[in-house]
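Notes follow the structure.
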Amino acid sequence: MKFGSVRFKKEKKLFTIMLKRKGKLMQDSENNLVLVNEKDKGYRVDEVVAVIWSKADGKTLENLVKEIAEETQLDEAELRPHIEMIINKLKEVDLVEVQ
């Protein structure tokens, strides 16, 4: 999945950004995970991206980071930039909406 960078508006604090999942998760004929946006454009993703996308709906970015940190027993500070980058990329291709 190749994406550009999308930045969150500076006036919104990280913990107040609400995420809304868009599109659907499918598998192609070779059993690869594919996220398909509402414009019917598909993006092959790995399991990590698919899990982050699936957990993003109705959560703040901060809550998403906390949940994944608890499940993986990894440090929130280490995870945060990676999860934010993935959410930014998903936002750019209309698979996540930021409210």
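All residue numbers for the sequence shown refer to this note's numbering, where the first residue is 480 and numbers rise by one. Ideal placement from N, C-alpha and C gives every residue a C-beta, glycine not left out.
Item, Value
"By Cβ distance below 6 Å, which residues in the same chain neighbour Glu576 in space, the five residues on each side in sequence not counted?", "Lys499 and Lys501"
"Give the DSSP-derived three-state secondary structure of Val572 in the structure shown.", "coil"
"Along the beta strand (DSSP E) that carries Lys503, what are the first and last residues, could you check?", "Lys503 to Gln506"
"Leaving out five residues on either side along the sequence, give the residues of the same chain with a beta carbon under 7 Å from the beta carbon of Thr495.", "Thr539"
"Taking 7 Å as the line, does the beta carbon of Gln506 fall inside it for any heavy atom of the ligand FMN?", "What this structure holds is no ligand at all, so the ligand FMN is not there to describe."
"How would you write the range of the alpha helix (DSSP H) that Lys499 sits in, first residue to last?", "Lys499 -> not in any alpha helix (DSSP H); beta strand (DSSP E) instead, spanning Leu498 to Arg500."
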